[in-house]
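Residue numbering for the sequence shown follows our numbering, beginning at 18 and increasing consecutively.
Remarks on the structure that follows.
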Amino acid sequence: MKGNVIIIGAGFGGLSCAIRLALQGVRVTILERQERVGGKLQQIEQDGYHFDRGPSTITMPASFRSVFDHAGVEMEDYVQLYELEPRTRNSFADGTVVDLSGNRERMKEQIAAYSAEDAARYDAFMDESAALYAEANRHFLGKLLLSPKDKYNLRMLRSLLRVRPTVKLDKLLRSYFQHPHTLAMFGRYATYVGSSPYQAPSIFAMMGHVEAEEGIYGVKGGTYQLIEAMTRLAQEKGVQIVTGIEVRQIVVRNGKVAGVDTDQGFREADQVVANGDVLSVNRLLLAPEYRKQMSDERIRRYEPSISGFVTLAGVRRQYESLLHHTVFFPERYEPEFDHIFRDRKMPADPTIYICYSGYSEAGMAPAGASNLFILVNAPYLSDSWHWDEQMDRYGELVLEKLADRGITGLKQSDVLIRYTPQHIERDTLAHQGSIYGISSNSVKQTFMRPGNKSKDVQGLWYVGGTTHPGGGTPIVTLSGQLVGVQLASEIVT
Ligand SMILES: Cc1cc2nc3c(=O)[nH]c(=O)nc-3n(C[C@H](O)[C@H](O)[C@H](O)COP(=O)(O)OP(=O)(O)OC[C@H]3O[C@@H](n4cnc5c(N)ncnc54)[C@H](O)[C@@H]3O)c2cc1C
18 MKGNVIIIGA
28 GFGGLSCAIR
38 LALQGVRVTI
48 LERQERVGGK
58 LQQIEQDGYH
68 FDRGPSTITM
78 PASFRSVFDH
88 AGVEMEDYVQ
98 LYELEPRTRN
108 SFADGTVVDL
118 SGNRERMKEQ
128 IAAYSAEDAA
138 RYDAFMDESA
148 ALYAEANRHF
158 LGKLLLSPKD
168 KYNLRMLRSL
178 LRVRPTVKLD
188 KLLRSYFQHP
198 HTLAMFGRYA
208 TYVGSSPYQA
218 PSIFAMMGHV
228 EAEEGIYGVK
238 GGTYQLIEAM
248 TRLAQEKGVQ
258 IVTGIEVRQI
268 VVRNGKVAGV
278 DTDQGFREAD
288 QVVANGDVLS
298 VNRLLLAPEY
308 RKQMSDERIR
318 RYEPSISGFV
328 TLAGVRRQYE
338 SLLHHTVFFP
348 ERYEPEFDHI
358 FRDRKMPADP
368 TIYICYSGYS
378 EAGMAPAGAS
388 NLFILVNAPY
398 LSDSWHWDEQ
408 MDRYGELVLE
418 KLADRGITGL
428 KQSDVLIRYT
438 PQHIERDTLA
448 HQGSIYGISS
458 NSVKQTFMRP
468 GNKSKDVQGL
478 WYVGGTTHPG
488 GGTPIVTLSG
498 QLVGVQLASE
508 IVT
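As structure tokens, this is what we get:
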């Protein structure tokens, strides 16, 4: 084996990077501070209820598949994905329901029920969405942007102009649609990267194509099985994984990585890959003289992405109105983003998302019962909102809002677990509890995210949601693989 790489963190980014490194004969050790691998995705079992706490909407399966393909194994021998049709139920306050579907005619019929004009523009929107996705794939998602030459060449510039970076998502949607339901349904895609539809660039309209045409997938046994599968593959390929160990400092000698100091002593390494949030890693693990490009001032200037307030409810009831994924939109969508990004407070009338994996698979809850993962967008942590004081009160409000929409009886749940942005920060060291690293509310934070290779310290790399290409499980899994391949190619034997 060549080299000696330490990866800090066993999220999707760290695991996928480790596998690609190991496949190229590199010696890799992952150090994870939590007791279990998975990063922001953790599995919770209680009283016969099974929950995945963290990512639940799985798209772009090719990104996960490529990890297994490159190892020369069948992904299906490790983990099985199944396509969901309809993809997601969108439930509006006036009783309108749109089940997002891969069937364009079905989509147009449902939209036409409330807006004939919007239905007539659906095909044109989907064509633009597909074109945006193709452009993103060609120029942003599939490659590392390590040098100024990678970032500032003519092809890149042309591509950037084609995706019209200064046009906001909401504005692009309004060039096709008028009805608030359609605008909210597709505007919500900005939240997939922790951002606001009124500020994020229009490139995220590509999610229309990704979800409707390429599909949303369930994972047999729950999304945590993706983590189990990658962990098994990593270990088969020789990756050493140590959990319950915290890296306290990245040790630098003569401008080059020398290893890491942990709560259990020093470990030598010639390369270090940080999978934790880039802003936290710099703030907590690197002395200021080794992070000139990431000063405290620069860290402060980044706007973190949204966070999430989660309720896990195990309840002895079933609900006919729920699919695997259901979104309950409030009467007005826009105020949520003022509350989150301007006031940094919880929305007064939030959009509520429920993942009910028991809809697709028996055994996720006791017979006749439901395992509900309930998510509300939340501001990143600041002095404007104190979860210690607000968690139970706001948690009750969410249950009341759901009761108004027919999801009753949650107050009598067998299992009721609340998980706040404070918990996310505590468990994963996510900067200010953000779940997608930095927001994509500006052109710079979308297209020029922190790079994957440190400019200050030789041998230090970054993978994961805060870095290029961005947040969300498939993109993070891509970033891990891209860094794995590049890093291995730079190790001199
Ligand atoms: C509630 C919620 C819902 C979400 N929903 C979706 C969804 O539906 N679809 C989707 O695609 N994405 C979703 N996401 C986002 C998704 O979870 C992330 O984009 C992705 O999991 C991030 O992976 P990562 O590898 O970048 O980092 P992480 O998962 O954050 O992993 C980093 C790991 O590094 C470890 N670490 C950090 N510092 C240290 C240290 N000093 N020493 C040792 N270990 C350290 C942390 O403990 C952590 O385990 C959601 C996230 C949350 C929280």
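For each residue, glycine too, the CB sits at the ideal point set by N, CA and C.
Exposed unless 16 or more other CB atoms sit within 10 angstroms - verdict on residue i
i, result
"residue 470", "buried"
"residue 77", "buried"
"residue 553", "Because the chain here runs from 18 to 510, residue 553 falls outside it and cannot be looked at."
"residue 223", "buried"
"residue 345", "buried"
"residue 283", "exposed"
"residue 429", "exposed"
"residue 322", "buried"
"residue 73", "buried"
"residue 225", "buried"
Nearest-angstrom Cα separation, counted from residue j out to residue i
i, j, result
"residue 484", "residue 466", "5 Å"
"residue 511", "residue 504", "Residue numbering for the chain in the displayed model covers 18 to 510; residue 511 lies beyond these limits and cannot be assessed."
"residue 240", "residue 94", "16 Å"
"residue 172", "residue 248", "37 Å"
"residue 367", "residue 383", "29 Å"
"residue 325", "residue 216", "19 Å"
"residue 88", "residue 277", "28 Å"
"residue 64", "residue 190", "44 Å"
"residue 351", "residue 317", "26 Å"
"residue 145", "residue 306", "46 Å"
"residue 70", "residue 181", "35 Å"
"residue 237", "residue 120", "24 Å"
"residue 131", "residue 199", "10 Å"
"residue 500", "residue 443", "27 Å"
Whether residue i touches residue j by CB criterion (8 Å)
i, j, result
"residue 21", "residue 287", "yes"
"residue 291", "residue 331", "no"
"residue 204", "residue 186", "yes"
"residue 228", "residue 398", "no"
"residue 104", "residue 114", "no"
"residue 280", "residue 265", "yes"
"residue 417", "residue 110", "no"
"residue 66", "residue 271", "no"
"residue 210", "residue 453", "yes"
"residue 448", "residue 297", "yes"
"residue 450", "residue 439", "yes"
Proximal residues to residue i (C-beta, below 7 Å), its chain only, five neighbours per side dropped
i, result
"residue 213", "207, 354, 358, 458"
"residue 402", "361, 362, 363, 396"
"residue 251", "32, 35, 36, 39, 258"
"residue 369", "345, 391, 393, 415, 418, 419"
"residue 412", "328, 435"
Own chain, CB closer than 6 Å to residue i, minus 5 neighbours either side, in chain order
i, result
"residue 92", "82, 85"
"residue 273", "475, 476"
"residue 168", "162"
"residue 47", "24, 27, 31, 35, 258"
"residue 333", "386"
"residue 232", "100"
"residue 201", "346, 350"
"residue 8", "One cannot answer for residue 8 here, as it falls past the ends of the chain, which runs 18 to 510."
"residue 433", "330"
Proximal residues to residue i (C-beta, below 8 Å), its chain only, five neighbours per side dropped
i, result
"residue 155", "176"
"residue 234", "75, 76, 78, 98, 99, 100, 101"
"residue 195", "132, 134, 135"
Which residues DSSP lists as bridging residue i, in chain order
i, result
"residue 276", "268, 285"
"residue 395", "324"
"residue 389", "330"
"residue 60", "69"
"residue 434", "329"
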